[in-house]
Amino acid sequence: MGLTQAAVSRQIRLLEEDLNIQLLIRSPQKVVLTPKGVAYFTLWNRFEKELEIEFGKKKKSLINLGAIEGIVNNWLIDRIQNLLNEKKYNFNIMIARTGDMVKMLEEGRLDGVISNNKIENGYLTSRKILKEEKVLISAHKITLPGTEREKLKMIQNQTWIFYASTDYLCQRKHSHQKYIQVNSFSAIMKLVECGAGIAIVPKHCLSSGYKFYTTSWSLSGTDIYFTTLNYHKLPIEISLLLEVM
């Protein structure tokens with residue numbers, strides 16, 4: 009538009025005066041959006057995207073997608089392979105904590121987030137795309153008994169390896185339980201392969217060619233969701249993603 013930074017700043021100040029709210033926090037070091045500023049910025053991004061859909065303007069060619077680690081490594085790529093091969097779209101795929109990715113989605117820096125969090129509010133919506141199946145992985149074959157209590161008793165002398173404090177094993181460990189916590193599924197699998205301990209992981213996290221035993225571990229499981237802004241009409245790139253998931 010050919011506007012200088014000072015001109016843009018003046019326009020924002022006028023807008024703040026008209027709305028009687030502060031949109032930016034200004035300091036010599038940096039300028040950041042206030043929560044109200046983030047909300048208005050998000051609304052503008054939604055409005056801009058829906059204008060593109062309504063009036064047939066050129067669609068955005070870059071798809072910014074965030075996902076939890078196991079999903080990206082062993083599930084997502086297979087699902088979107090055809091889209092990856094199309095010249096029409098560029099992809100920016102990132103792995104991060106769910107909370108960080110949701111914040112980026114709200115700020116318009118991501119088009120969608122794949123995680124185990126279902127979010128429904130005025131501006132975000134989630135769709136279920138996958139049901140997780142949990143498996144016990146171990147360097148040696150383990151035959152599990154019937155009940156959950158018996159299963160936990162059988163493996164209590166093993167070192168438990170888990171990803172986060174919210175994981176099944178972490179929530180059931182005793183004060184004397186030996187454990188390893190590492191926030192990398194690939195590292196967990198390497199630790200199990202070398203006999204450092206056992207782990208319970210989502211089946212979709214397992215890569216091909218692994219060198220350990222897997223045993224089904226019956227749990228209620230966790231659903232995986234695809235979260236986007238709550239559009240009145242989905243942008244074409246998001247519709248295409250949902251079709252292949």
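So that you can map any letter, position 30 of the sequence shown is 38 in my numbering, and since no number is skipped, the others follow by simple counting.
Yeah, the Cβ is synthetic: ideal placement off N, Cα and C, and Gly gets one too.
Computed from a prediction, not measured in an experiment: that's the story for all the values here.
Quiz prompt | Distance between Tyr187 and Phe49 (C-alpha atoms, nearest Å) | solution = Here the alpha carbon of Phe49 sits roughly 44 Å from the alpha carbon of Tyr187.
Exercise. Give, in chain order, every unbroken run of the alpha helix (DSSP H) that is at least 4 residues long and sits entirely within the stretch 76-105.
Key: Whole alpha helix (DSSP H) segments, 4+ residues: 89-93.
Quiz item: To which residues of the same chain is Asn125 closer than 6 Å at the C-beta, ignoring the five residues directly before and after it?
Solution: Excluding its 5 nearest sequence neighbours in each direction, Asn125 has C-beta neighbours in its own chain below 6 Å: Thr106, listed in chain order.
Quiz prompt | Contacts around Lys57, its chain only, beta-carbon distance under 6 Å, and the 5 residues preceding and following it disregarded | solution = Cβ neighbours of Lys57 beyond the five flanking positions: Pro243.
Quiz item: In the stretch 118-160, which residue ranges form an unbroken beta strand (DSSP E) of at least 3 residues, counting only runs that do not cross its ends?
Solution: Every beta strand (DSSP E) of 3 residues or more that sits fully in the stretch 118-160 is shown, in chain order, as 120-123, 132-139 and 142-146.
Exercise. Please look up how many angstroms separate the CB atoms of Ile232 and Ile137, rounded, as I've assumed it's under 8 Å.
Key: Taking a contact as a CB-CB distance under 8 Å, the pair Ile232 and Ile137 counts as one, their CB atoms being some 6 Å apart.
Quiz item: Can Pro210 and Glu114 be called in contact, C-beta distance under 8 Å?
Solution: Against a cut-off of 8 Å, the Cβ pair of Glu114 and Pro210 comes out as no contact.
Quiz item: Assuming Asn191 contacts Ala172 under a Cβ cut-off of 8 Å, what Cβ separation, rounded to an integer in Å, is found between them?
Solution: Between Ala172 and Asn191 the Cβ distance is about 6 Å, and since that is below 8 Å, they are a contact.
Quiz item: How big is the Cα-Cα spacing for Gly116 and Asn53?
Solution: For the pair Gly116 and Asn53, the Cα-to-Cα distance works out to about 6 Å.
Exercise. Taking Ser134 as the reference, give the member of Lys181, Thr236, Gln30 and Leu22 with the closest Cα.
Key: Per the Cα distances, Thr236.
Self-check item: Span of the beta strand (DSSP E), counted from its first residue to its last, around Tyr187
Solution: Run containing Tyr187: Tyr187 to Gln189, per the beta strand (DSSP E) assignment.
Quiz prompt | Own chain residues within Cβ distance below 6 Å of Ile208, not counting five before or after | solution = Counting only residues of its own chain and dropping the five nearest sequence neighbours on each side, Ile208 has a CB closer than 6 Å to the CB of Lys142, Leu144, Tyr176, Leu177 and Trp225.
Self-check item: Ranges of the alpha helix (DSSP H) found wholly within the stretch 158-220, counting only runs of at least 4
Solution: Taking only runs of at least 4 residues, the alpha helix (DSSP H) segments lying wholly in the stretch 158-220 are 176-180 and 193-201.
Quiz item: What is the DSSP secondary structure of Gly116, counted as helix, strand or coil?
Solution: DSSP places Gly116 in coil when its eight states are reduced to three.
Practice problem: Give the single residue among Ala195, Lys159 and Glu24 whose Cα lies nearest to the Cα of Arg180. | Solution: Per the Cα distances, Lys159.
Quiz item: So which of Thr151, Val46, Asn165 and Met112 has the shortest CA-CA distance to His182?
Solution: Answer by Cα proximity: Asn165.
Quiz prompt | Range of the contiguous beta strand (DSSP E) that encloses Leu237 | solution = Counting along the chain, Leu237 sits inside the beta strand (DSSP E) bounded by residues Asp231 to Leu237.
Quiz item: Tell me the DSSP bridge mates of Ile71?
Solution: Looking at the DSSP assignment, Ile71 forms a beta bridge with Phe99.
Quiz item: Of all the options Gly74, Leu118, Glu94 and Asp86, which has the alpha carbon lying nearest to the alpha carbon of Ala104?
Solution: Among Gly74, Leu118, Glu94 and Asp86, the Cα nearest to that of Ala104 belongs to Gly74.
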